[in-house]
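Number of protein chains: 4
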Amino acid sequence: MESILKNAIENNKKWTEFGQVASYIPELAKGNSEALGACIFDTNCNMILGGDYDTRFTIQSVSKVAILICALIDKGKKTVFSKVGMEPSTDPFNSLAKLETRESHKPLNPFINAGAIVCTSLASGDNGIEKFNRIHNMIKRMTNNDEIEVNHSVYRSEKLTGNTNRAIAYYLKGANIIEKDVEDVLDTYFKLCSIEMVVEDVAKMACVIANDGIAPWSNEQIIPKEVNGIVKAIMITCGLYDSSGEFSVNVGTPAKSGVGGCIMAVAPNNMGIAVVGPALDMHGNSIAGKKVLEELSQQLNLSMF
Amino acid sequence: MESILKNAIENNKKWTEFGQVASYIPELAKGNSEALGACIFDTNCNMILGGDYDTRFTIQSVSKVAILICALIDKGKKTVFSKVGMEPSTDPFNSLAKLETRESHKPLNPFINAGAIVCTSLASGDNGIEKFNRIHNMIKRMTNNDEIEVNHSVYRSEKLTGNTNRAIAYYLKGANIIEKDVEDVLDTYFKLCSIEMVVEDVAKMACVIANDGIAPWSNEQIIPKEVNGIVKAIMITCGLYDSSGEFSVNVGTPAKSGVGGCIMAVAPNNMGIAVVGPALDMHGNSIAGKKVLEELSQQLNLSMF
Amino acid sequence: MESILKNAIENNKKWTEFGQVASYIPELAKGNSEALGACIFDTNCNMILGGDYDTRFTIQSVSKVAILICALIDKGKKTVFSKVGMEPSTDPFNSLAKLETRESHKPLNPFINAGAIVCTSLASGDNGIEKFNRIHNMIKRMTNNDEIEVNHSVYRSEKLTGNTNRAIAYYLKGANIIEKDVEDVLDTYFKLCSIEMVVEDVAKMACVIANDGIAPWSNEQIIPKEVNGIVKAIMITCGLYDSSGEFSVNVGTPAKSGVGGCIMAVAPNNMGIAVVGPALDMHGNSIAGKKVLEELSQQLNLSMF
Amino acid sequence: MESILKNAIENNKKWTEFGQVASYIPELAKGNSEALGACIFDTNCNMILGGDYDTRFTIQSVSKVAILICALIDKGKKTVFSKVGMEPSTDPFNSLAKLETRESHKPLNPFINAGAIVCTSLASGDNGIEKFNRIHNMIKRMTNNDEIEVNHSVYRSEKLTGNTNRAIAYYLKGANIIEKDVEDVLDTYFKLCSIEMVVEDVAKMACVIANDGIAPWSNEQIIPKEVNGIVKAIMITCGLYDSSGEFSVNVGTPAKSGVGGCIMAVAPNNMGIAVVGPALDMHGNSIAGKKVLEELSQQLNLSMF
């Protein structure tokens, strides 16, 4: 398996040249566009590292998985889906247009920015700090890493330049979908996006989800089974923004990408995989990361389909 | 002419029953849905009042005319139209969707909320208070009324509930179309919308525009002729939100409506007319007010077409 | 006046280089992109020609003016506007999207393709041939030219490649807005678009409209006054596709453009103007033609605003 | 298992009252809105029938699965997906708007009407009749039923009233995505939609897909494994129109619904399920059918997530 991973990275390294590092948040533009690394962590706690596995990155939209998990645990399926939909989006992740044109004004799903902002507001906690701690703590447990922290330069950069997200949040407030203080919710959301990891951490998160919500290192049920199933279903249909359908065909596993260049993939009852490659395609997904996952899916027969 | 106005009001009073007072700003919901009044002020300074002419109302979007005038005077046609378009909108006045789907992200025109917010930011002044004073002063001159003031209950209500406008403004900031502090610009905009008048004031404003920008009571050129022409052109194509085309066919004069229930109509080289009737149609225009203007246009042969 | 026209053409000839001849109908691609000619015909029957005034072109969307006139005369304002709106469109002339997203499925206005196809179906006549004859006859009277005919190469090219218009027409049929045989209505519409003229013909049509519907050469009321007024109003708000607003600001007269490169402009109670220049801007309007009209409007003080 | 199926039908029969039989094709409106039946067919060839299992229905969009299979076998993955996307749609199944607004004009996926019309044109055959025979034959093999035939009343009704599909097809022709004669392709498509079945037939089709493309009754590989995987992936993300995401969360199996009231569900390596209930929800899916599948999924633990 080690050589399969190594080959997948080497064979697809060339794709990094065809993508671009996210630039709409100035700090993200500093990402190394040539980096490509990966980690496989299986349900028996075996770990394989490959390529630039020590590249540090902010998890960005990968945080939406943990946010959704907390919202579902803390408020229940019914309440969460009364405020956010379950349908894939054909628009980019930061789109506002559909909020307006759909009668309910509900965000289409929890994995576009609008939906994740709503789910952030639904996590337990009386204020932004408590909500952050709630979700941060979930992430620490899923990564088995107590030292996971926010990258403060990225956080400040997000906060300073996050006007489209601010627009989304005020629109949701105007439509009575968010009730809390908008700036407080946004601040929490920006912090969660700015959490810094390496692929090992993300692969462990993916492995917990692959393992029906149970941490393989402790046999602790971190995520209730029903919540875990909902999350996998939404990862399949909505995990890679407006190219989720293509990913389902070509890779065939629940997954979530982030504009920091990470993709988390879940091979149920088998393994979690994380790839990092900050050069993105036009949909905001790691361009080489997707290719690595395609090759791994074929070589290791990971597709659910 | 007095009896023509009286009849137009009486004949169309029944339409007030088919409309609804704006409710999205709580203070506006207190408007009297049965009221219907009008004022004609001609370029010889003759004035005719009819119906509930003493109904007080906030001017809401009618302020967009003064805002556009100030932006054009203070920054020039070229700068203004580099940041806002000149095209009519098929979407409602508070729509965000087109901002996103048009490549430039420029608001379609100065008479939808997004466009007026941009124009507010373009008026002279180093901060919101100076910008407000600049436009407030223009309004005082156009109404020949130094006592025009903000209705503070409406203003507070707008500020408190104006999250869709806040979303619009942050989106524009994110697209680099507004450079100023968003809350400061919004505050100015909310105050301008909350300015309180009676139809006499609005009819005088309309008459200045009808008179090529010259105040008929002082012969002072308040609005430069070129700016005045641009404003009339945009009033024809964009003045009644997404029913501007119908108004051009059925009334045929430059006009601007506001959700406070007022419609300002300009019969070039002839007269200004203001109607107030807080019961609105589904586009946000005074439902009986439009009918009164249709009847006046036919009786007085006011259509430009 | 002759030198004003001459200068306007010479000064703006350079703009032809920045546009492109319509290519979506193969025959149109043969147009001479460098040509620029104009004709002014005033209500006293004075005519001035300038530039490449003998360039022959197909009228394309300029036919929509005659189609609307016939629909209004034959079926009345109420029936026509029950099947087509009066509102300007922000989408391109051949767009389908708004048909679907608006609840009524009515075309936005008579000057986008969908609206003109509906109006064609509303003209008098039991079949396509009779409808064509009806509208063709109106055009002959408005141009005072009995020899106006269809360019059959263009017509065949339109018919062969007109699949987007075919899609529009079938959509309208599916929405019960067109009742007639779709191919028959389309055939009539394609023929009307393919009518060939020179600027003299179009300027005379414009002059009839400028003259309240009365042919200045015969004092015959060709177009009823009310219909003529409606047509002027719609020309102001919708005449230049999705740059109608800009044209109102910069030229300020009712007008209609066609992708054959002609723009017809109406200076009420004064003159009709036609310009031809097959190089188009991105909205489908003659790029140099618009500039010529801007200069003429300023020099001759033609703007209604 | 028999009692589980029986209970699922009885428990959810009440939902039929909340839906409506499809009415846009007059013949479909004759469907029995109270009917609710189902069939389970497993990979060991065990069959269980329940409720109104002998209700005859036309398969409508369920035919899109066979159409996609044939297109993929006959032209290959690369060619098919150069003409149709893989992304879920947030618009209704017969929408045109996205064709226009997406740069490529490609239909979003093979399971909206536009995409299925493209795939029909891609099946082997020199003309519509040959293409129909090709796909009809595939359906006969997948159902193990040589007597599957078109319901000619429904077919004529579709053909007569299918103007929105005709609009879609002409639009695709205009965008050079369909090259064939539009009426010929449409005729084939209408016939395929009008194929009549009972739930037993559909359950067998589903079972072939559940069994990696191998007919369990003959061990014959009817669908190549790779094609079968693509089809399952697209069924998960796009199978229930704009409520595919919800179905993935609540049922969790590849599926395809049709407006005739049938839903086909695939439990991989386990069973095929077909439910029929002509009363539809607002998305065009059998309202009670979905509820039956939710209950079966929970009771039989069918979700992939």
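So the sequence lines, in the order shown, correspond to chains A, B, C and D.
Position 149 of the first sequence, counting from 1, maps to 149 under full-length UniProt numbering, and the rest follow consecutively.
Position 271 of the second sequence, counting from 1, maps to 271 under full-length UniProt numbering, and the rest follow consecutively.
Position 68 of the third sequence, counting from 1, maps to 68 under full-length UniProt numbering, and the rest follow consecutively.
Position 253 of the fourth sequence, counting from 1, maps to 253 under full-length UniProt numbering, and the rest follow consecutively.
Glycine residues also receive a C-beta, built at the ideal position from the N, C-alpha and C atoms.
For residue j and residue i, the rounded distance between their alpha carbons
i          : j          : result
Ile-222(D) : Gln-20(A)  : 43 Å
Leu-293(C) : Asn-211(C) : 19 Å
Lys-204(C) : Arg-141(C) : 10 Å
Tyr-24(A)  : Ala-288(A) : 20 Å
Asn-127(B) : Leu-160(B) : 21 Å
Asn-32(B)  : Ser-303(B) : 30 Å
His-152(D) : Glu-27(D)  : 10 Å
Arg-166(A) : Val-65(A)  : 21 Å
Gly-125(C) : Cys-39(C)  : 33 Å
Ile-234(C) : Glu-246(B) : 9 Å
Ser-121(D) : Ser-82(D)  : 13 Å
Asn-137(D) : Asn-109(D) : 24 Å
Lys-290(C) : Ala-274(C) : 11 Å
Asp-187(D) : Ile-195(D) : 13 Å
Under 8 Å by beta carbon: chain D residues contacting residue i
i          : result
Ile-230(A) : Val-249 and Phe-305
Tyr-171(C) : Leu-96, Asn-163, Thr-164 and Ala-167
Min CB distance residue i to chain B below 7 Å
i          : result
Gly-245(C) : yes
Gly-252(C) : yes
Gly-128(A) : no
Min CB distance residue i to chain A below 7 Å
i          : result
Glu-226(D) : no
Tyr-189(B) : no
Same chain, Cβ closer than 8 Å to residue i, neighbours up to 5 away in sequence not counted
i          : result
Ser-244(A) : Pro-88, Ile-236, Thr-237 and Cys-238
Cys-45(C)  : Pro-216 and Trp-217
Proximal residues of chain G, C-beta to C-beta of residue i below 9 Å
i        : result
Leu-5(A) : Considering every chain present, this structure includes no chain G. Its protein chains are A, B, C and D.
Contacts of residue i in chain C (Cβ-Cβ under 8 Å)
i          : result
Asp-242(B) : Glu-87
Min CB distance residue i to chain C below 7 Å
i              : result
Thr-90(B)      : yes
Thr-237(B)     : yes
residue 307(D) : An answer regarding residue 307(D) cannot be provided, because it is not within the stretch 1 to 305 covered by chain D.
First through last residue of the alpha helix (DSSP H) which encompasses residue i
i          : result
Phe-190(B) : 182–193
Cys-70(B)  : 63–75
Ser-3(A)   : 2–12
Cys-238(C) : 225–238
Ile-139(A) : 128–143
Listed by chain order, chain D residues near residue i by CB distance under 7 Å
i          : result
Ala-233(A) : Ser-248, Val-249, Gly-252 and Phe-305
Gly-174(C) : Asn-163, Thr-164 and Ala-167
First and last residue of the uninterrupted beta strand (DSSP E) at residue i
i              : result
residue 342(B) : This structure cannot speak to residue 342(B), because chain B is shown only from 1 to 305.
Ala-203(A)     : It is not in any beta strand (DSSP E) - Ala-203(A) instead sits in the alpha helix (DSSP H) that spans 199–210.
Ser-257(A)     : 255–257
Gly-50(A)      : 47–51
Val-266(A)     : 262–267
Ile-40(A)      : 37–42
Proximal residues to residue i (C-beta, below 6 Å), its chain only, five neighbours per side dropped
i          : result
Asn-133(B) : none
Asp-146(B) : Lys-140
Asn-144(B) : Lys-204 and Trp-217
Own chain, CB closer than 7 Å to residue i, minus 5 neighbours either side, in chain order
i          : result
Lys-77(B)  : Ile-230
Glu-17(C)  : none
Val-182(C) : Ala-169, Tyr-170 and Lys-173
Leu-96(D)  : Ala-167, Ile-168 and Tyr-171
Leu-300(A) : Ile-4
Contact test: residue i Cβ vs the ligand MN heavy atom, cutoff 6 Å
i          : result
Tyr-171(A) : Among the components modelled here there is no ligand, and therefore nothing to report on the ligand MN.
Chain B residues whose Cβ lies nearer than 7 Å to that of residue i
i         : result
Ser-95(A) : Glu-100
Proximal residues of chain A, C-beta to C-beta of residue i below 9 Å
i          : result
Asn-109(D) : Gly-245
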